[in-house]
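Asks: Chains as they are written, first to last, in this note's numbering: chain A, 3 to 271; chain H, 37 to 308; chain F, 1307 to 1578. Don't be surprised by glycine CBs; every beta carbon is placed ideally from N, CA and C. All values derive from a computational prediction rather than experimental measurement. Shown below is the structure under consideration.
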């Protein structure tokens, strides 16, 4: 009887194998058709494509050697960039935590709050930082405030979603024990939820700070402060050697940020 | 501060304080002080234009007032923009995923000699350090406005992301298979093809789906600096104070991203 | 005095887990509740402190009706009911002292709770109790650094910190090795008499129930089918409760006067 069952399973499995292969071919075919359509239909002047390597290398040549003058203002702009990322990350925490609390299934007060929380997270995550920046520049004018708000509005979704998942994954048993002592809702959170999500919280915030440093380097391109403002200015004036210096400065900044985050991660967690 | 005496030998009332997270008080208060100093420094040096910011509320009212209801009247423009974004994302994913393989091999410590490893690694580090929008600006400057700059940008972006994860994957492969191939006397490239690639292929397929999704997101953004796609349309709408059209674009972007995230997640779950 | 009458608990539309259960516990007796898995032991215990909402019936503790309580009144009632859990349910990342003081959460203010500034009497009581069970030297250790038996002692002390009028223990020894579980049972027994505290213990181990408690209540399918002194708990009662469906070897062999069923070994672990 056991043999028969396994033989049956064998047959079924074979059929799936064939179906799987068919699906594979179909996927390949569809992919090729889509690529063909994209290549044929896209609005590209093909001679430019063949010329692109030349153009790129000539731009590279114009950038060399990097122009170290103006390094002072570049460093200042970098510091401003870091301020934007740091302040925005700090401020985000105050908004993202309550949102993650209402967006986690096991802590949300009621269904309306759950959906409100999820709506906030989804809309925050779906709009890119630079689009948020565009909006805030239109509202508050060019400057660092628009940048801080843009980074914040994007980070709320990121931190909130991951924190919500961390809250949903906690061990239920301490919660039950705290409820059994007659603790109020807030005390249960303070004792049974907070300690459990602490490590995740630090990891998520550090990760997002690292991402935010990268993101805040481009805010200036739409006028929202930071190094991007200088970069845009240098490009507009065709000051390519200065552009090269700024690019190198950005790489250094990002690498420093990565080094700091890896140290922090090891220290805190 | 903390109790260390043996039970029963203790006279008088006992106290207990939570042992602090950071044991050294100097470091503990020092950290707080540093945070405070940092905040003061940051707020003091950042150039806030308060007059202009104070102007924000009426402007926000005007923008949101002008933005609702979103206008889908210029549907044709919307469609062209999205079509171009899709095309950019698809072609860049294809190019990026293909190119990421050689770069990943170069950036994997265990399969290439040191100098090549450093080269591959730095290519990946550089392409990861730059936000796609910065890369886009440079490509726009080099090859002009339009989707070509977008494709190049997102190709670089894909190489950085997929290449890094793939290189890590190669560094963790089961070395036994490689040794088995070496024992048969296979050459370097046959070893790569027969012993290394099969081990990273499933991961590569999943990563490609993920990358297609994030390229689609990014393609909406690189257009803002002129690299083609819906981002350019959005930027124009904002520039011309067409807030109702801009909000329509935003809504569609959100919808497309949600759908694409759903599909990509579903496919990855199916594959893994 | 605890009076349970006509207690019914039904999950969804299933067969009720508790079917009109009546139970009265007077004075400071230690009562063990035995029964197969799924007999409703745990549900009954959790109905008393309302971690599980009873479907109908009445539970009175020292004259106070518990079933109808809501909000703050429920919390005030809960703080008079201590509970010890099978899985200890400690907060792993907090210190032993914090876990113990958590038993006072129903009494202190939110500020005191968060800042860990508990009243001096609470800390004194915590040290006294911890010394009583032999864990005072662990006060500032993290809870997850302790062994199973030590962790359960923390659980017991936390429950006693509530100054309970009754103690509920839900399989307090099921996660412990035999020797440690004997110690915990002894501890519960002696604490009950020292503090003249009624204790309800859900327990699988019939031998321990007979040794350490004054009264045994047998549940089957949500109904009480045995209630009496350990000396009256014989082979017939055991069969009636477990009905040949579930009985561990140790429980049967330690059954005085009853010959172990030889043929039962094969099915003994087949739980409902």
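#1: For the beta strand (DSSP E) that residue 1534 of chain F lies in, which residues bound it at each end?
#2: Quick check on this structure: which residue in F:1472, F:1497, F:1372 has the alpha carbon closest to the alpha carbon of residue 1434 of chain F?
#3: Determine, for residue 1430 of chain F, whether the minimum Cβ-Cβ distance to residues of chain H falls below 7 Å.
#4: List the whole-angstrom C-beta distance separating residue 214 of chain A from residue 153 of chain A, where the pair is believed to meet the contact cut-off of C-beta under 8 Å.
#5: Check the Cβ-Cβ distances between residue 105 of chain H and every residue of chain F, and say whether any is below 7 Å.
#6: With H, G and I counted as helix, E and B as strand and the rest as coil, what does DSSP make of residue 106 of chain A?
#7: Taking DSSP as the reference, what is the three-state secondary structure of residue 78 of chain A?
#8: Any idea if residue 197 of chain H is buried or exposed, counting beta-carbon neighbours within 10 angstroms, 16 or more meaning buried?
#9: Let's test the definition: count the other Cβ atoms within 10 Å of the Cβ of residue 1311 of chain F and tell me whether it reaches 16, buried, or not, exposed.
#10: Check each candidate in H:205, H:208, H:169 and name the one with the smallest Cα separation from residue 193 of chain H.
#11: Is residue 55 of chain H close to chain F? Criterion is C-beta to C-beta, closer than 7 Å.
#12: Please report the distance separating the alpha-carbon of residue 157 of chain H from that of residue 91 of chain H.
#13: State the start and end residues of the unbroken beta strand (DSSP E) segment that holds residue 177 of chain H.
#14: Determine the direct distance from the alpha carbon of residue 123 of chain A to that of residue 137 of chain A, and round the result to whole angstroms.
#15: So, helix, strand or coil for residue 1340 of chain F, using DSSP?
#16: Determine whether the beta carbon atoms of residue 1521 of chain F and residue 184 of chain A lie at a separation below 7 Å.
#17: Taking the alpha-carbon positions, what's the residue 116 of chain H to residue 266 of chain H distance?
#18: Quick check on residue 1502 of chain F: buried or exposed, where buried means 16 or more other Cβ atoms within 10 Å of its Cβ?
#19: Might you give, ordered along the chain, the residues of its own chain that have their beta carbon closer than 8 Å to the beta carbon of residue 172 of chain A, omitting 5 neighbours on each side?
#20: So, at 8 Å on beta carbons, what are the nonlocal neighbours of residue 210 of chain H in its own chain, with the 5 sequence-adjacent residues on each side left out?
#21: Below 7 Å CB to CB, which residues in the same chain sit around residue 64 of chain A once its five sequence neighbours on both sides are set aside?
#22: Which whole-angstrom value describes the C-beta separation of residue 1390 of chain F and residue 1462 of chain F, a residue pair presumed to lie in contact below a C-beta threshold of 8 Å?
#23: Could you round the C-beta distance between residue 1544 of chain F and residue 1512 of chain F to whole angstroms and report it? I think they count as a contact, below 8 Å.
#24: Here's the rule: buried if 16 or more other CB atoms are within 10 angstroms of the residue's CB, otherwise exposed. What is residue 189 of chain H?
#25: Thinking C-beta only, is residue 1307 of chain F closer than 7 Å to residue 1347 of chain F?
#26: Relative to the C-alpha of residue 237 of chain H, which candidate in H:104, H:200, H:205 has its C-alpha closest?
#27: What residue does the alpha helix (DSSP H) around residue 80 of chain H start on, and which one ends it?
#28: With 7 Å as the threshold, decide whether the Cβ of residue 1446 of chain F is near any Cβ in chain H.
#29: In the region 32–103 of chain A, which residue ranges form an unbroken alpha helix (DSSP H) of at least 4 residues, counting only runs that do not cross its ends?
#30: Since residue 1437 of chain F is in the beta strand (DSSP E), which residue starts that stretch and which ends it?
#31: Nearest by alpha-carbon distance to residue 209 of chain A: which of A:226, A:181, A:264, A:166 is it?
#32: In whole angstroms, what separates the C-alpha of residue 42 of chain A from that of residue 252 of chain H?
#33: Between which two residues does the beta strand (DSSP E) carrying residue 1312 of chain F extend?
#34: Does any C-beta atom of chain A lie closer than 7 Å to the C-beta of residue 303 of chain H?
#35: Any contact between the region 66–85 of chain A and the region 132–151 of chain H? By contact I mean 3 or more CB pairs, one from each, below 8 Å.
#36: Quick check on residue 127 of chain H - is its C-beta less than 7 Å from some C-beta in chain A?
Replies: Straight from the coordinates:
#1: Annotation for residue 1534 of chain F: the continuous beta strand (DSSP E) segment containing it runs 1529–1534.
#2: Here the closest residue by C-alpha is F:1497.
#3: Judged by the 7 Å Cβ criterion, residue 1430 of chain F is in contact with chain H.
#4: Separation of the CB atoms of residue 214 of chain A and residue 153 of chain A is rounded to 5 Å, and the pair is thereby assigned contact status at 8 Å.
#5: No - not a single Cβ of chain F is within 7 Å of the one on residue 105 of chain H.
#6: Reduced to three states, the DSSP call for residue 106 of chain A is coil.
#7: Note: residue 78 of chain A maps to helix in three-state DSSP.
#8: Around the Cβ of residue 197 of chain H, a 10 Å sphere holds 16 or more other Cβ atoms; the residue is buried.
#9: Residue 1311 of chain F is exposed by the Cβ-count criterion.
#10: When each option's Cα is compared against that of residue 193 of chain H, the closest is H:169.
#11: With 7 Å as the cut-off, residue 55 of chain H counts as an interface residue toward chain F.
#12: Looking at the two C-alpha atoms, the distance is approximately 48 Å.
#13: From DSSP, residue 177 of chain H is part of no beta strand (DSSP E) but of the alpha helix (DSSP H) over 168–179.
#14: Per the coordinates, the alpha-carbon of residue 137 of chain A lies some 18 Å from the alpha-carbon of residue 123 of chain A.
#15: Secondary structure at residue 1340 of chain F: strand, using DSSP grouped into helix, strand and coil.
#16: In this structure, the beta-carbon distance from residue 1521 of chain F to residue 184 of chain A does not fall below 7 Å.
#17: Residue 116 of chain H and residue 266 of chain H: Cα-Cα distance of roughly 8 Å.
#18: Exposed.
#19: The answer, listed in chain order, is 108, 194, 195, 198, 199.
#20: The residues are 235.
#21: 242.
#22: Contact flag correct, Cβ pair sits at about 5 Å.
#23: For a cut-off of 8 Å, the C-beta gap from residue 1544 of chain F to residue 1512 of chain F is around 7 Å, short enough to register as a contact.
#24: Per the 10 Å Cβ criterion, buried.
#25: Going by C-beta atoms, residue 1347 of chain F is not nearer than 7 Å to residue 1307 of chain F.
#26: Nearest option by C-alpha distance: H:205.
#27: Looking at the DSSP string, the run of the alpha helix (DSSP H) that includes residue 80 of chain H is 61–81.
#28: For residue 1446 of chain F, the closest Cβ of chain H is nearer than 7 Å.
#29: Here the runs fully enclosed are 48–65.
#30: In the DSSP assignment, residue 1437 of chain F falls outside any beta strand (DSSP E) and lies within the alpha helix (DSSP H) extending over 1426–1439.
#31: Scanning A:226, A:181, A:264, A:166 for the CA closest to the CA of residue 209 of chain A turns up A:264.
#32: Taking the CA atoms as reference points, residue 42 of chain A sits about 19 Å from residue 252 of chain H.
#33: Segment 1308–1315, the beta strand (DSSP E) holding residue 1312 of chain F.
#34: The C-beta of residue 303 of chain H comes no closer than 7 Å to any C-beta of chain A.
#35: Put simply, the region 66–85 of chain A does not touch the region 132–151 of chain H. Fewer than three CB pairs are less than 8 Å apart.
#36: Residue 127 of chain H belongs to the set of residues whose beta carbon lies under 7 Å from a beta carbon in chain A.
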